[in-house]
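Counted from 1, the sequence shown has number 55 at position 55 by my numbering; the numbering is strictly sequential.
C-beta atoms are modelled at their ideal positions from N, C-alpha and C, and glycine is treated no differently.
Keep in mind it's a predicted model, so treat the numbers as computed, not measured.
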Amino acid sequence: MARNRKFALTVCALFLSSALVPHALAAGHSHQTTEHKARAHKSGVSHKTVLRTSKRHTGARSKKRPTQRKTRPHHTGTTSIASAHKDRIEKARKVAMNKLMNQLGKPYHWGGSSPRTGFDCSGLIWYAYKDLVNIRIPRTANGMYHLRDAAPVNRSELQRGDLVFFRIRGRGTADHVGVYVGNGKFIQSPRTGRDIQITSLSDNYWQRHYIGARRVMTPDTLR
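So, in structure tokens, the structure goes:
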């Protein structure tokens, strides 16, 4: 009787242990699977974070990278216009200088304004400039000195073609005029009995009577 009971208990214990082992194994496997999934999820999140961070840094670097612009030669319309004006003025000066130099040695003639009759001081200037500018050149030295369209010029800034004025006999502000030809000299038709000549502005006589200068040929006055 005792042996039968002991045998029954042994069989029961074996049955229970065989039933519990698969459950424990299943539980362990389930725990490992869950842990593996968690690790995989964590790894995936970490990988995505790294990718996003990398993209942000790459984007930041690309945004910060300065764009290089091709430099082009700097040509302004103002520079071209100024150069064109300068060329026009220089051509006009050459024409005026040629007309004046061709009269050297011709006698003074009061009231004269042509190579045929001869020239007085203002007649010589009128003849040289009348066809080069779009303003009316006065026929007297005083009228030229007060010409509105002629720009005043300092003696230290004289250029070829500028008009130089003198007050000799006290008739008006200016009663004598010549044309500056460069190197401190001017061309003039001085007075009766004298020929058209080139004279130095630094001569004491002309320095005493010098009163100013005007520039007739400008971009606004040239034809």
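Self-check item: Which of helix, strand or coil DSSP assigns to GLN103
Solution: Position 103 of the sequence shown, counted from the start, is the residue given in the question as residue 103. Coil at GLN103, not helix or strand.
Quiz item: What is the residue span of the beta strand (DSSP E) that ILE187 lies within?
Solution: Here the question's residue 187 lines up with position 187 in the sequence shown. For ILE187, the enclosing beta strand (DSSP E) starts and ends at 185-188.
Quiz item: Which of helix, strand or coil does DSSP assign to ALA213?
Solution: Here residue 213 refers to the residue found at position 213 of the sequence shown. Strand at ALA213.
Quiz prompt | 7 Å CB neighbourhood of HIS31 in its chain, flanking five on each side removed | solution = Walking along the sequence shown from the start, residue 31 turns up at place 31. Confidence is the limiting factor: at HIS31 the pLDDT is only 46, short of 50, which leaves the residue's position unreliable, though a coordinate-based value still follows. Answer for HIS31: no residue qualifies.
Practice problem: Helix, strand or coil for ILE168, going by three-state DSSP, please let me know. | Solution: Counting from 1 along the sequence shown, the entry for residue 168 is found at position 168. In this structure, ILE168 counts as coil in the three-state DSSP scheme.
Self-check item: beta strand (DSSP E) segment containing ALA150, residue limits
Solution: Working through the sequence shown from its first residue, we reach residue 150 at position 150. For ALA150, there is no enclosing beta strand (DSSP E), as DSSP gives it neither H nor E.
Quiz item: Quick one: is ASP120 buried, meaning 16 or more other Cβ sit within 10 Å of its Cβ, or exposed?
Solution: By 1-based counting over the sequence shown, the position of residue 120 is 120. With 16 or more Cβ atoms within 10 Å of its Cβ, ASP120 is classed as buried.
Quiz prompt | ASP133 - partner residues in DSSP beta bridges | solution = The residue you call residue 133 lines up with position 133 of the sequence shown. Inspection of the sequence shows that residue 133 is occupied by Val rather than by Asp. LEU222.
Self-check item: For ASN154 and ARG165, the rounded distance between their alpha carbons
Solution: Position 165 of the sequence shown, counted from the start, is the residue given in the question as residue 165. Position 154 of the sequence shown, counted from the start, is the residue given in the question as residue 154. One point to set straight first is that residue 165 is Phe, not Arg, in the sequence displayed. Cα to Cα, the separation comes out at about 12 Å.
Quiz item: Relative to the alpha-carbon of LEU222, which residue among SER83, ARG93, SER80 has its alpha-carbon at the smallest distance?
Solution: Counted from its first residue, the sequence shown places residue 222 at position 222. Here the closest residue by C-alpha is ARG93.
Practice problem: Please state whether DSSP places GLY123 in a helix, a strand or coil. | Solution: As a first step, residue 123 must be located in the sequence shown, where it is residue number 123. Helix.
Self-check item: Nonlocal neighbours in the same chain, by C-beta distance under 8 Å from LEU250, ignoring five residues either side
Solution: In the structure as shown, the chain begins at 1 and stops at 223. Residue 250 is therefore absent and cannot be evaluated.
Practice problem: Figure out for me which residue from ASP175, GLY172, MET144 has the closest Cα to the Cα of ASP162. | Solution: For this step, residue 162 is matched to residue 162 along the sequence shown. Answer by Cα proximity: MET144.
Practice problem: Can you tell me which of the three DSSP states HIS176 falls into? | Solution: Within the sequence shown, residue 176 is the residue found at index 176, counting from 1. Residue state for HIS176 is assigned as strand, using DSSP reduced to three classes.
Quiz item: From this set, THR79, ARG191, GLU157, which residue's C-alpha is nearest GLY178's C-alpha?
Solution: To locate residue 178, count along the sequence shown from 1; it is residue 178. Nearest option by C-alpha distance: ARG191.
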